[in-house]
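Those letters in the sequence shown? Residues 989 to 1174, per this note's numbering, in order.
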Amino acid sequence: MKSKTLWLAGMATAALSVPVAASADSGFFVGGSIGSTTVDETFDGIDLDADSTAYRITGGYQFGELFGIELSYQDFGDVDETIVVGPVSSLTSISADGWTLGGTLGLPLSDNVSLFGRAGVFFWDADVRVDGFSIDVPSDENPYYGAGARVDLSRNFSLTGDWSRFELDNVDTDVISLGFEYRFGN
């Protein structure tokens, strides 16, 4: 898993070193999104299938229409589930958040619509509580990737929609979100 994380970080760094001609689409941007986190995993015969509200705050730099880098804070919200094992039921709450560092690759479809892919490294921390008792989960870093679409409403403001998968050790978490992006200097 560490080699996959290092590979993604290397690819993001390589994308940054590619010379790209400056255009009207180049420059710094900030954005935010809100969406839904989905966790659907089985651990030793125990099913965890829950949803939560997630949000992301992003900043970065776009190098023309094709390449970009981004740094984001991602919060998955609280995933709550009552887990039943035999005659015993336990309220389990999982919350995770962290920082992403990655690159984006764009594909313009028209003057104001484009598709994009993203990948990078997610540096995360989680809290797990079972019936009020906290379980220590060590911080870690794992890969993330996703895809989405951007619709430009003006030279500086866009609406975005995307799906991202975060591979948190043995748990895959999907986030579907809608958001905005504001570009400076265009």
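A virtual CB, placed ideally from N, CA and C, is assigned to each residue, including glycine. These numbers were taken from a predicted model, which means no experiment stands behind them.
Cα-Cα separation between arginine 1044 and serine 1127, rounded to whole angstroms:
19 Å
For serine 1142, does the three-state DSSP call read helix, strand or coil?
coil
Can you name, in chain order, every residue of its own chain whose Cβ lies under 6 Å from the Cβ of glycine 1094, other than the five neighbours on each side?
In chain order, Glu1053, Leu1054, Ser1102, Phe1104 place their CB closer than 6 Å to the CB of glycine 1094, counting only its own chain and leaving out the 5 sequence neighbours on each side.
So the beta strand (DSSP E) leucine 1097 belongs to, where does it begin and stop?
The continuous stretches of beta strand (DSSP E) do not include leucine 1097, and DSSP gives it neither H nor E.
Could you please give me the residues that DSSP links to asparagine 1130 through a beta bridge?
Phe1110
Could you have a look at glycine 1023 and say whether DSSP puts it in helix, strand or coil?
strand
Serine 1014 - DSSP class collapsed to helix/strand/coil
coil
My understanding is that phenylalanine 1145 touches phenylalanine 1017, with C-beta atoms under 8 Å, so please give their C-beta distance in whole angstroms.
That pair is no contact at about 10 Å.
Hey, could you find the ends of the beta strand (DSSP E) leucine 1059 is sitting in?
1055-1073
If you count every other CB in all the chains shown that lies within 10 Å of the CB of proline 1075, and 16 or more means buried, which is it?
exposed
Could you compute how far the alpha carbon of aspartate 1066 sits from the alpha carbon of threonine 1046?
Those two C-alpha atoms are separated by around 20 Å.
Out of Leu1156, Gly1149, Asp1157, Glu1155, which one is the CA nearest neighbour of isoleucine 1164?
Gly1149
Using the C-alpha atoms, what's the distance from phenylalanine 1168 back to proline 1096?
17 Å
Who are the near neighbours of aspartate 1099 in its chain, counting only those whose CB is closer than 6 Å to its CB and skipping five residues on each side?
none
Euclidean distance between Cα positions of valine 1073 and valine 1116:
18 Å
Between leucine 1147 and the rest of its own chain, which residues show a CB-CB distance below 7 Å, the 5 nearest in sequence each way excluded?
Val1139, Leu1141, Phe1168
7 Å Cβ shell around serine 1014 - same chain, five flanking residues per side excluded
Gln1050, Phe1051, Gly1052
What are the residues that DSSP puts in a beta bridge with glycine 1136?
Phe1104, Asp1150
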